[in-house]
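So for the sequence shown, the numbering used here puts the first residue at 78; every next one is plus one.
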Amino acid sequence: MPHRPPTHLQDTALRYFHEVVQCGSVSAASLRLHVASSAVSRQISGLEAQLGTALFERHARGMQPTAAGQILAELARRISLDAEQAIDAIHALDSLRAGLVRIATSDAFANELLPLACVAFQRRHPGLRFEVSMVPTLQVSAKLLAGEADIGLRFSMSPLKNIAVVHRQSAPVLAVLPPGHVLASQASLTLAELARHPLALPPAETAIRQMIDLACSRQGLQLDPVLTTNHAKTLLNFAVHGGGVTVSSEVGVRHMLAAGSLVARPLTDAGLDLRDIEVQTLAGRQLPAAAQAFLGLLVQELQALPSPR
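Take a look at the structure:
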């Protein structure tokens, strides 16, 4: 019977150091590593002696890496990710029969697009597993930078350091409303027209709301939504049940458009077409085989979306 590869390939000292950075204390790291605190402390002391510098600032509430510690933490994180990739490749040498694909995404993609892509991929490769983290848009890239996700799927408007954009496509903001709404007969709409009707909008800290507020400020226009929520399904169902108008992108509402429960109209105000969908990875990282294969399918699913209307 063949031996399974080890669960880690990282140097012990670097691995213990990485856990202390992640956990913020020796005691917490020792619990995660299932070793004595003294063993962790010895490894940290050995690294500091070898490098001739302190790697942590010790405080009553925990340990924070110094500037030197931050440099070493970045190295340790990348070694850990590379080791995971090597182990995953060894496990699946013959085919994509095993592995874990970790995805960080925001609300709009988690409702339909991503589950459908996972189902399609899992049918081809039944041994694969998925770990999907739904987080606020700005935290998607943070998950990649922390090594907690392989693939990020989010809306983005500006480049980010150490993030590679594998695929990008336009995702303008659309007005979404029930078919029987008085505005549904128009081919396109403006924010000024929406302002005269009950509105449901995301909160001010979201990227889409900031785009809308900026477009309003250029016109001296003020919106007064009757419903504010960061939950996409609540916004859409508010419109479905006749509460008023909301906003979305094509990807976030396509299932309801196909069912005929909602219609979407482009907003012609300047600046509302500047948002993109981005598929992201950590720059310079070679993805595990399963994640790389899923990445290709995900891009195909996005390219198959209807053009924004």
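Quick reminder that beta carbons are idealized off the backbone N, C-alpha and C, glycines included.
Query                                                                                                                                                                  : Result
Below 7 Å between beta carbons: does that hold for E125 and A116?                                                                                                      : no
What are the partner residues of P142, as DSSP defines its beta bridges?                                                                                               : F133
According to the Cβ coordinates, are H274 and G321 closer than 7 Å?                                                                                                    : yes
Are S265 and I240 touching if we call contact CB-CB under 7 Å?                                                                                                         : no
Using CA coordinates, which residue listed in L334, S118, D184 is at the minimum distance from R135?                                                                   : S118
Under 8 Å by Cβ, that's how I've got H95 and R154 pegged, so tell me the actual separation to the nearest angstrom.                                                    : 7 Å
Can you give me the start and stop residues for the beta strand (DSSP E) that E378 sits inside?                                                                        : No beta strand (DSSP E) contains E378, which is instead part of the alpha helix (DSSP H) from 366-380.
Using a Cβ-Cβ cut-off of 7 Å (strictly less than) and excluding sequence neighbours within five positions of T311, which residues of its own chain qualify?            : none
Look at R352 and A277 and say whether their C-beta atoms are less than 7 Å apart.                                                                                      : no
Can you name the residues that DSSP bridges to M234?                                                                                                                   : In the DSSP output, where bridge partners are listed per residue, M234 has none listed.
Can you tell me which residues form a DSSP beta bridge with M211?                                                                                                      : T182
Just to confirm my understanding: we take Q120, look at its own chain, exclude 5 residues before and 5 after, and list those with CB closer than 8 Å. What are they?   : T89, A90, Y93, F94
Taking all protein chains shown into account, decide if G361 is buried (16 or more other Cβ within 10 angstroms of its Cβ) or exposed.                                 : exposed
What is the rounded straight-line gap between the Cα of L304 and the Cα of L372?                                                                                       : 36 Å
Quick check on the DSSP output: the alpha helix (DSSP H) that includes Q357 runs from which residue to which?                                                          : Run containing Q357: none in the alpha helix (DSSP H); it sits in the beta strand (DSSP E), 353-359.
Going by Cα to Cα distance, which pick from P203, G123, A144, S104 is closest to A367?                                                                                 : P203
How is the beta strand (DSSP E) around Q299 delimited, first residue to last?                                                                                          : Note, Q299: premise wrong, no beta strand (DSSP E); not H, not E.
What does the alpha-carbon distance come out to for the pair S210 and V103?                                                                                            : 27 Å
Where does V242 fall in DSSP's three states?                                                                                                                           : strand
Please classify P256 as buried or exposed, where buried requires at least 16 neighbouring CB atoms within 10 angstroms.                                                : exposed
Relative to the C-alpha of G139, which candidate in E327, G101, E151 has its C-alpha closest?                                                                          : G101
Evaluate P192 with the Cβ neighbour count: other Cβ atoms within 10 Å of its Cβ, from every protein chain shown; 16 or more gives buried, anything less gives exposed. : exposed
If you scan the segment 249-277 from start to end, which runs of the alpha helix (DSSP H) of 4 or more residues do you find wholly inside it?                          : 268-271
L349 by DSSP, collapsed to three states: which one?                                                                                                                    : coil
Who are the near neighbours of V244 in its chain, counting only those whose CB is closer than 6 Å to its CB and skipping five residues on each side?                   : A quick correction: the sequence has His, not Val, at residue 244. Correct list, in chain order: V356, V376.
Bridge partners of A341, per DSSP?                                                                                                                                     : V253
Start and end of the beta strand (DSSP E) containing T323?                                                                                                             : 323-325
Is it the case that the Cβ atoms of D227 and R174 are separated by a distance below 7 Å?                                                                               : no
Tell me which same chain residues have a C-beta within less than 7 Å of the C-beta of L152, skipping the five on either side of it?                                    : none
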